[in-house]
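Residue 37 is where the sequence shown starts when you use my numbering, and the numbers rise one by one after that. Taking it in order: structure first as structure tokens, then the write-up.
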Amino acid sequence: MHLSFRHLFGFLLYLGAFGPLILGVLDSSFLFLPFGNDILVIVLVARDHNHLPIYILTASLGSTAGVLLLDLVCRNSGEKGLERMMSRKRLEYLKRKMGQRASVALTIACLAPPPFPFTAVVAAASAFQYPRLRLLAVVAMGRAIRFLVVGMLAIWLGRQILVIVRSTGFTRFMIGFVLVCLAGSIFSVIRWVRKPLA
Numbered sequence: 037m038h039l040s041f042r043h044l045f046g047f048l049l050y051l052g053a054f055g056p057l058i059l060g061v062l063d064s065s066f067l068f069l070p071f072g073n074d075i076l077v078i079v080l081v082a083r084d085h086n087h088l089p090i091y092i093l094t095a096s097l098g099s100t101a102g103v104l105l106l107d108l109v110c111r112n113s114g115e116k117g118l119e120r121m122m123s124r125k126r127l128e129y130l131k132r133k134m135g136q137r138a139s140v141a142l143t144i145a146c147l148a149p150p151p152f153p154f155t156a157v158v159a160a161a162s163a164f165q166y167p168r169l170r171l172l173a174v175v176a177m178g179r180a181i182r183f184l185v186v187g188m189l190a191i192w193l194g195r196q197i198l199v200i201v202r203s204t205g206f207t208r209f210m211i212g213f214v215l216v217c218l219a220g221s222i223f224s225v226i227r228w229v230r231k232p233l234a
């Protein structure tokens with residue numbers, strides 16, 4: 037497993053700017069990968085500060101593309117489809133928030149770290165028919181700001197980050213993290229597919 041993780045992470049690093057693009061699509065759609073793209077961007081920027089604007093761009097585009105995939109599903113399935121993703125209590129809460137200030141909720145979701153429910157907020161905005169172009173614009177801008185902050189931290193703490201990333205402890209942590217993300221993704225997809233519409 038240790039070797040597999042190193043190969044996967046190494047492959048994403050090898051892809052350079054395409055790594056955050058691909059991981060962004062996966063992370064912002066139906067999969068559960070909190071901090072995955074943040075960590076990838078941090079390591080890429082720590083290794084090469086000059087490409088920060090490209091990493092911000094590709095990570096933001098990937099996240100926006102993932103949101104578009106989520107939007108295409110959730111917009112058509114509406115409120116009934118949301119019941120497949122979340123409890124009725126959370127659904128009612130998001131419905132109130134989307135009715136009051138959807139743009140603010142979306143911006144916070146783009147900037148806030150886990151456990152803030154990014155996917156649930158985006159799905160709710162889509163299901164409640166928040167305009168698609170505005171949704172994608174808010175996500176692209178919010179994610180660009182987030183990756184700019186992450187990238188600046190990587191520049192500031194670059195050497196320390198690279199030492200941590202090369203350590204055995206970090207590798208073990210990431211293996212556990214990947215397993216949790218895999219379990220969360222499987223649970224999310226099974227719940228989405230199997231729960232019948234009322």
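Every residue gets a Cβ at the ideal spot worked out from N, C-alpha and C, and that includes glycine.
Legend entry - P56 and A82 closer than 9 Å at C-beta: Start at 1 with the first residue of the sequence shown, and residue 56 comes out as number 20. Start at 1 with the first residue of the sequence shown, and residue 82 comes out as number 46. Not in contact: P56 and A82 (Cβ atoms no closer than 9 Å).
Inset, instruction - Could you check the C-alpha separation between S162 and L59 for me, to the nearest Å? - result: For the purposes of this step, residue 162 is identified with residue 126 of the sequence shown, where counting begins at 1. For the purposes of this step, residue 59 is identified with residue 23 of the sequence shown, where counting begins at 1. C-alpha separation (whole angstroms): 22 Å.
Inset, instruction - My understanding is that S64 touches G102, with C-beta atoms under 8 Å, so please give their C-beta distance in whole angstroms. - result: As a position in the sequence shown, residue 64 is number 28, starting the count at 1. As a position in the sequence shown, residue 102 is number 66, starting the count at 1. Their Cβ separation, rounded to whole angstroms, is 3 Å, which keeps S64 and G102 in contact under 8 Å.
Legend entry - C-beta atoms of V175 and D74 nearer than 9 Å: For the purposes of this step, residue 175 is identified with residue 139 of the sequence shown, where counting begins at 1. For the purposes of this step, residue 74 is identified with residue 38 of the sequence shown, where counting begins at 1. Cβ distance not < 9 Å, so V175 and D74 don't count as in contact.
Inset, instruction - Using 10 angstroms around the beta-carbon of F54, count the other beta-carbons present and answer buried if the total reaches 16, otherwise exposed. - result: Translated into positions along the sequence shown, residue 54 becomes position 18. Result: exposed.
Legend entry - Cut-off 6 Å between Cβ atoms - residues of its own chain near G178, not counting five sequence neighbours on either side: As a first step, residue 178 must be located in the sequence shown, where it is residue number 142. For G178, where only same-chain residues beyond five positions count, the Cβ hits under 6 Å are T143, C146, L147.
Legend entry - P56 - DSSP class collapsed to helix/strand/coil: Position 20 of the sequence shown, counted from the first residue, corresponds to residue 56. Helix.
Inset, instruction - Mind listing, in chain order, the continuous alpha helix (DSSP H) runs of no fewer than 4 residues lying wholly within the stretch 126-206? - result: 154-163, 168-192, 194-201
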